[in-house]
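For the working numbering, add 360 to where a residue sits in the sequence shown, where the first one is 1.
Heads up, the thing below is written out as structure tokens.
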Amino acid sequence: MIVQPGVQPIPIRGHAEPAIDNVPGGSGPVWVPGKPEGFDQIAPRLKAMIRVARYHGVELDPSEFKAASPDTIPNAADLSQWAQNGGMWSRAVRIRWSHLLRFENTGPVVLLFSDGGAGILTGASNEQNVVFLKSVDAPEDAEAVIIDELRLSQVWSGEAVLLRSARSYVAADAPFTIGWLVDLVRLESRPLRDIGIASFTLSILTILPPLIVMTVVNKVLQFSSMSTLALLTAVIAVVFIYETLLGHARRLIINVVGARLDTKLNLHVFSRLLRLPLDYFERHPAGETLYHLAQVYRIREFLTGKLLSTFLDMITLGVLIPVMFYINATLAWMVIACAVVIMLIIFAFLAPLRRGYQRVVDAETWKSAALGETVVGIKTVKALGLEPQRKALWDERVADAGKARLAFGQLANWPQTLVTPIERVMVIGTMLIGAYLAMNDPSGYMVGSLFAFMMIAQRVGQPLVGLARLVEDYEEVGAAIGEAASVLNRPLESSSNSAGLRPKLIGEIRFSDLTFSYIGTRTPALDRVSFDVPAGTMFGIVGRSGSGKSTIARLLQGINRDYSGFLKLDGVDLKEINLRHLRQGLGVVLQDNFLFRGSIRDNIIAGRAGLTLSDAMRAAHLAGAAEFIERMPNGYDTYIEEGSPNLSGGQRQRLAIARALIHNPTILILDEATSALDPESEAVVSANLMRIASGRTMIIVSHRLASLTECDQILVMDQGKVIDVAPHSVLLERCGIYRQLWFQQNRHLEGRHGHLAAVPPRLA
Ligand SMILES: Nc1ncnc2c1ncn2[C@@H]1O[C@H](COP(=O)(O)OP(=O)(O)OP(=O)(O)O)[C@@H](O)[C@H]1O
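This is the structure we're talking about:
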């Protein structure tokens, strides 16, 4: 932002007064996240945050603002937390004027005014003792106002929120690779540096005991010097204390770094998982996904375990190898030669081990998929008595995995077998040769050196072998990264917070000449489909099984966006609309809805910000769920288990409708929502449909025509094509398929003489 002194003053207050009512968690009217809202309706403090975040290239979503405190005005801590949740670095601070003057070129800062408003500090001039401030409502290209200390103190209490794109923020969209992981580790540079310093110091300290032993043998024993012995004892005691403390500190820091990496990986993995398109989950069994993701934790273990300790060992090697050469170069060369042979053996086995490990991974993935499928489909397994078949499948998968592991283990045993004698030669062999050299050493100092060398060689041998093994481990971890990446590096739904338009949704839908095929299918699921749904109407979709009804609902939700033709919402191309914004404006009830573990109230609110029990009650009432919830012993606090076994199908469905309604969606899609209900439950839901429909566009997909007769328009689909669009009575007259379906479903209504009873069952 360019600041130009000498500009016309403009008001610096955000229009706090009228907008505060809209603050989430505020005392004003309930703030409805899903409700289309324009920038104008957002509280000024949120606006200021959004504008500053935008400056840093991040789009903060106002519906994600959560007021942890009961304040009516968003406070600094909540605002800062909001920005952090949005992936930014942010701090809520209380600062003085003198500090403000330091923000000369640091990028904009949000200043919180005492009246609940906010301003954007765009710069400062130390020389002139002024700051430059912009109103939150000022146009993007407006110039800032020059403000002095006195004027600012009239509105500003000293609170500010600092924001910048997080340095410690690893790109959420970057592919999951070893490079990404290295970046993640590099962010911990400070603790890693501390670990490095501690390790270096420890390595230096480890030189001392061998040197002391050398001195004891060469000097103390040969010349019986008591004073030297006493001195050496004191030095050794001090060294041991240091070593113990440093070792403790090093382990502490490693632990902290490990926990931090773990947390970051967990957060990253889950957020990417949530952004995978539905397609992915439809095509991959849950067990497979879970198994692949579990590999992430092996990667973390490798990073903070083997990799880190090898890195630290390298420091030790860097210190100890020169000392080894200083004590005895011949023996040192022997140690190095052994280490090289060990490395060569390990390298020779790398390629076959990699292939073997891949077979293990494949077999384990299949095994996991079988397990997951059985757990998810356990009701069907039990109902159809499929236990023996599932068991047979499991046996087969376990046997495959066992065989693959066995083959891998046997192969991996070979390098181990070949390396072991060389490791021994490295330690014992050098000792024997050292002893031979000592016997032939006329100076007599060789004995002490040999002792010292042996002590050092033991410390050097392990890391050298470990270094070679690291390559072997890396192979395994490389495979693990590949597995995790096979899930995490799929193309994500383009729902990144920043992408797409956020138009105010009214509910007018237009399909024009839209053709769509699912991946891997030849015939299009929708074939040149065109129809209009005016805002605020009730629109039914019928058709035979597989005719494309649910596909229309999916496209409306933005689940699939690779169609040709146009799908417009209120005149805006759906592909251009920010996915999250779109889904906040939609309510969807499916045939089978998943209720999460938690109370009924939690299930209806579903974690949406700013909603309370009274909102949940209102939604439940509208969905016809209130009466059964109130009859339950704990009412809205009744606990629902995962999958809601303690509710009937009808009750579950009504809860799902309440959940879809609570955020007051502009468009409500009921995709076969009442199809599986018993007539009584269906009647309850149907009786409420008119009330539910008021003020919003309703799309009701159903193969039961009786539940659609009240619709303003009914779309008849067949084999992906639009057959007709008209109200029920017109369709009955002119649409053959519709009439045929109607007759099939309402045979029981036919009169004694074969005439169809004229009046269809009414909804409300
Ligand atoms: N995820 C998918 N992957 C591939 N093909 C699909 C997928 N979902 C649906 N299809 C195919 O697309 C066509 C339309 O399916 P859609 O589910 O929209 O029909 P429908 O009218 O809702 O059927 P039903 O009443 O049985 O639910 C069908 O031929 C179906 O096999």
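A virtual CB, placed ideally from N, CA and C, is assigned to each residue, including glycine.
For Q655, collect the residues of the same chain with a Cβ closer than 6 Å to its Cβ; drop the 5 residues on either side in sequence, then sort them by chain order. So the list reads A840, E843, A844, once near-sequence residues are dropped.
Closest to E661 by CA distance: which of F641, V545, G1010, L939 is it? From the listed residues F641, V545, G1010, L939, the smallest Cα separation to E661 is found for V545.
Option in S513, T482, V490 with minimal Cα separation from E503: When the alpha-carbon of E503 is set against those of S513, T482, V490, the nearest one is in T482.
Which residues bound the beta strand (DSSP E) around S1067? Element bounds for S1067: n/a, residue is neither H nor E.
Separation of K727 from F768, as counted between CA atoms: 17 Å
So is Q1011 buried or exposed if we call it buried at 16+ other beta carbons inside 10 Å? Label assigned to Q1011: buried.
In the DSSP assignment, find the alpha helix (DSSP H) that holds G917 and state where it starts and stops. Position check: residue 917 holds Gln in this sequence, whereas Gly was assumed. That residue, Q917, is in no alpha helix (DSSP H); it is neither H nor E in DSSP.
Within the structure, which residues are defined as neighbours of ligand 3 by a Cβ-heavy atom distance below 6 Å, reported in chain order? What this structure holds is ligand 1, not ligand 3.
Classify D421 as buried or exposed, calling it buried when 16 or more other Cβ atoms lie within 10 Å of its own Cβ. buried
Who are Y999's beta bridge partners in DSSP? S959
Use the C-beta contact count for V598: other C-beta atoms within 10 angstroms, 16 or more gives buried, fewer gives exposed. Of the other Cβ atoms in all chains shown, fewer than 16 fall within 10 Å of the Cβ of V598; this residue is therefore exposed.
Selection from S517, V521, W457, N994 that minimises the alpha carbon distance to A413: A check of alpha carbon separations from A413 across S517, V521, W457, N994 identifies V521 as the nearest.
If I follow the unbroken beta strand (DSSP E) through S890, where does it start and stop? Element bounds for S890: 886-893.
Using a Cβ-Cβ cutoff of less than 7 Å, which residues in the same chain neighbour P894 once the five nearest sequence positions on both sides are dropped? E868
Which residues does DSSP pair with L638 in a beta bridge? According to DSSP, L638 bridges with nothing at all.
If contacts are defined as beta-carbon pairs under 8 Å, then Y996 and A976 qualify, I think. What distance do you get, rounded to the angstrom? 6 Å
Around the Cβ of G446, are there at least 16 other Cβ atoms within 10 angstroms (buried) or fewer (exposed)? Burial call: buried.
Hey, out of N1106, I1027, Q917, V679, whose CA is closest to T1057's CA? I1027
Comparing C-alpha positions only, which one of E836, L1007, L606 sits nearest to K666? Closest by alpha carbon: E836.
Note down, in chain order, each residue of its chain lying with its Cβ closer than 7 Å to the Cβ of C698, except the 5 sequence neighbours on either side. Close CB contacts of C698 within its chain, under the 7 Å cut and outside five residues either way in sequence, are with I782, V785, M786 (chain order).
Taking the alpha-carbon positions, what's the I912 to F463 distance? 52 Å
First and last residue of the uninterrupted alpha helix (DSSP H) at K742: Membership of K742 in the alpha helix (DSSP H) is indicated by the continuous run 738-743.
Could you tell me the alpha carbon to alpha carbon distance between L633 and L848, rounded to whole angstroms? Rounded to whole angstroms, L633 to L848 spans 7 Å at the Cα level.
Simplified DSSP state of K407, which is helix, strand or coil: helix
Assuming contact is defined by CB atoms lying nearer than 9 Å, are Q1100 and A1033 in contact in what I supplied? no
Same chain, Cβ closer than 6 Å to R870, neighbours up to 5 away in sequence not counted: D892, K928
Reduced DSSP secondary structure (H/G/I, E/B, other) of M814: Reduced to three states, the DSSP call for M814 is helix.
Which word fits D438, buried or exposed, when buried means at least 16 other C-beta atoms lie within 10 angstroms of its C-beta? buried
Under the three-state reduction of DSSP, which class applies to S528: helix, strand or coil? Since pLDDT at S528 reaches only 45, below the 50 mark, its modelled position is unreliable, and no value is offered.
Integer Cβ distance of L606 from T566, believed to fall under 8 Å: Rounded, the Cβ-Cβ distance is 11 Å, inconsistent with contact.
Sub-9 Å separation of M791 and M814 beta-carbons: yes
Go to Q951, then tell me how far its beta strand (DSSP E) extends in each direction, as first and last residue. First-last for Q951: undefined, no H or E at that position.
Spatial neighbours of S809 within its chain, please: CB distance less than 7 Å, with the 5 preceding and 5 following residues excluded, ordered by chain position. M574, I687, N688, listed in sequence order.
In three-state terms, what does DSSP make of R1107? Note: R1107 maps to helix in three-state DSSP.
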